[in-house]
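Numbering (this note's numbering), first residue to last: 14 to 246.
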């Protein structure tokens, strides 16, 4: 759902302004360029059968178990498998959550973050929540952006998710670019994306990323809480 409507005529100006907040020759500017370039596809068909096939292939590339059901009958992630009958962008977003979650929380419904918007068994997912608001917000920001970058890497119109998930909400203020840059830097530091903004593929790097995220989780719990939550998506 698009929470902050963007006038189509204003979109190029919003993207130009947003990009101006990002320092040259940085991963943040490179990542933004990958997303902004998909404006050329904004009127192309979205969530097509090919998009969903690519999302399923992404799930398989990480060796993530899948249940071909809708999450409204259970959980988006039930602690062991991902439910795949969702929009392509939603499924890709769940893969991003799986990448980011430390190994112990991969065994929890919806990664211990509380119920996601697609989950049907809301009370159970919320009961399994084990993180602070600040940690949840931080992971949601990272999963949002990582998923959007995956969409761009897969040749899908990532500009839709970039708008829908409110990254352009405050495009007239430098704070919008600052939050984007912090999130990109976090993804680079965790080994989830390259300096050019491209996400790392599954298999070989997955174990190292899991170990890195496991160590980062305790730091997030203490330091992110002190910093306070970022602006919500």
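In this text, a Cβ means the ideal position worked out from N, Cα and C, and glycines have one as well.
Beta-bridge partners of residue i, as assigned by DSSP
| i | result |
| --- | --- |
| residue 212 | 206 |
| residue 90 | 95 |
| residue 80 | 96 |
Beta-carbon proximity of residue i to residue j, cut-off 8 Å
| i | j | result |
| --- | --- | --- |
| residue 131 | residue 187 | no |
| residue 190 | residue 34 | yes |
| residue 30 | residue 185 | yes |
| residue 133 | residue 92 | no |
Simplified DSSP assignment, three categories, for residue i
| i | result |
| --- | --- |
| residue 176 | helix |
| residue 57 | coil |
| residue 183 | coil |
| residue 133 | coil |
| residue 28 | helix |
| residue 20 | coil |
| residue 196 | helix |
| residue 117 | helix |
| residue 229 | Per-residue confidence for residue 229 stands at a pLDDT of 47, beneath the threshold of 50, marking its modelled position as unreliable; the derived number appears in the next sentence. Note: residue 229 maps to helix in three-state DSSP. |
| residue 33 | helix |
| residue 112 | helix |
| residue 221 | Any reading at residue 221 must be qualified, since the residue scores a pLDDT of 44, below 50, and its modelled position is unreliable; the value itself is stated next. Helix, per DSSP. |
| residue 168 | coil |
| residue 141 | coil |
| residue 126 | coil |
| residue 51 | helix |
Whole-angstrom C-beta distance between residue j and residue i, which should lie under 8 Å
| i | j | result |
| --- | --- | --- |
| residue 41 | residue 194 | 4 Å |
| residue 159 | residue 104 | Going by Cβ atoms, the distance from residue 159 to residue 104 rounds to 13 Å, so no, they are not a contact pair. |
| residue 170 | residue 55 | 6 Å |
| residue 113 | residue 155 | 5 Å |
| residue 206 | residue 68 | Between residue 68 and residue 206 the Cβ distance is about 18 Å, and since that is not below 8 Å, they are no contact. |
| residue 123 | residue 138 | 5 Å |
| residue 180 | residue 212 | That pair is no contact at about 16 Å. |
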